[in-house]
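Everything below concerns the one structure shown next.
Number of protein chains: 2
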Amino acid sequence: MDVFEALADPTRREIVAMLAAGERNAGDIAGRFPIAGPSVSRHLKVLRESGVIAYRQEATSRIYRLEPQSLSEARQWMDAVLDATKARFDRLGAHLDEMKRREEDDG
Amino acid sequence: MDVFEALADPTRREIVAMLAAGERNAGDIAGRFPIAGPSVSRHLKVLRESGVIAYRQEATSRIYRLEPQSLSEARQWMDAVLDATKARFDRLGAHLDEMKRREEDDG
DNA sequence: CGGCTAATTAGCTAACACGCTAGATAATCG
DNA sequence: CGATTATCTAGCGTGTTAGCTAATTAGCCG
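Residue numbers (our numbering), protein chains in the order written: chain A, 1 to 107; chain B, 1 to 107.
Okay, here's the thing in structure tokens:
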């Protein structure tokens, strides 16, 4: 349930980036990393449990896909933080502009 | 240098959210958490080293602020992933629409 | 300089995360 | 059903991290 924790690991971010390009089965994913299969499998589990990915069974294969909603929520958090920060700067800028204007008016 | 790792810890995310509302000194930040001061200090260090926050010295206080650029980069990564995913779905939708249209044309 | 306040670093413990190998599970195919 | 393929879970070793308390550094003020 914690997307940011799931994305903290670089291998998991690579998996996410791979799945952004399209679905893949577990073996295909594992084959693209220099680490052992079970290690990748554990990463897939973390991503699954945090809701970042999901899979469907196809014969003996698990075909994984991205589940964009969870990532969207994480992005919304960032948007809120960045928007609030930007809003503060905008207010500061307006404030400074006004100070400058008054200074010019006065003399 | 790893923003996602820095954001993996919930305490650190709270610190970030706090700083989105405005600057604060270290003691003020620490006072809002139920954990000991040094523990917060260590979190601040992680956030500093990942470029998420910065501070200026003011008398004996360190006044911390958000450094939005690093967060922006993280968000850009998410945007890229989500955009790629959405684009795939859009193409799929167009494909299905076309199949449907041809079917109707053929009767 | 000596005392004061603010914040950090040092050093410890307990918990967790990532890697590995070996064994278990699940679904398919002859 | 037995063999095969694909994937996961179990269990272990090691390194890292989060928390704590105690000691240290950094900057100010009389």
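Each residue gets a CB set at the ideal place from its N, CA and C atoms; glycine is no exception.
Model, not experiment: these values are computed from the prediction.
Got a sec, what are the start and stop residues for the alpha helix (DSSP H) residue 50/B sits in? Unbroken run through residue 50/B: none, as it is neither H nor E.
Contact list for residue 51/B against chain A, beta-carbon separation under 9 Å: Near residue 51/B there are no residues of chain A at all, since even the closest Cβ is about 14 Å away, more than 9 Å.
What does residue 4/B touch in chain A if you count any residue whose Cβ is under 8 Å from its own? 4, 7, 8 and 13
Members of the region 87 to 100 of chain B near chain A, C-beta cut-off 8 Å: The residues in question are 88.
CB-CB under 6 Å to residue 26/B, same chain, minus the five flanking residues each way: which ones, in chain order? 62
With distances taken from CA atoms, which of 73/A, 14/A, 67/A and 22/A is nearest residue 40/A? 14/A
Just how far apart, CA to CA, sit residue 111/A and residue 68/B? Outside the modelled stretch of chain A, which goes from 1 to 107, sits residue 111/A, for which no answer is possible.
Beta-carbon contacts of residue 65/B that lie in its chain and below 8 Å, excluding the five residues immediately before and after: 19, 23, 53, 54, 55 and 56
Reference residue 12/A; option with closest CA among 16/B, 4/B and 17/B: Nearest of 16/B, 4/B and 17/B to residue 12/A, Cα basis: 4/B.
Compare the Cα-Cα distances from residue 80/B to each of 17/A, 73/A and 2/A and report the closest residue. Nearest C-alpha to residue 80/B: 17/A.
Going by the beta-carbon positions, is the gap between residue 2/B and residue 50/B smaller than 8 Å? yes
Range covered by the alpha helix (DSSP H) that runs through residue 63/B: Going by DSSP, residue 63/B is part of no alpha helix (DSSP H) but of the beta strand (DSSP E) stretching over 61 to 66.
Under 7 Å by beta carbon: chain B residues contacting residue 71/A: 78, 81 and 82
Using DSSP bridges, identify the partner residues of residue 110/B. In the structure as shown, chain B begins at 1 and stops at 107. Residue 110/B is therefore absent and cannot be evaluated.
Residue 47/B and residue 21/B - do their beta-carbons sit closer together than 8 Å? no
Does the distance from the CB of residue 74/B to the CB of residue 99/A come in under 8 Å? no
Secondary structure of residue 75/A, DSSP reduced to three states: helix
Who are the near neighbours of residue 37/A in its chain, counting only those whose CB is closer than 7 Å to its CB and skipping five residues on each side? 30
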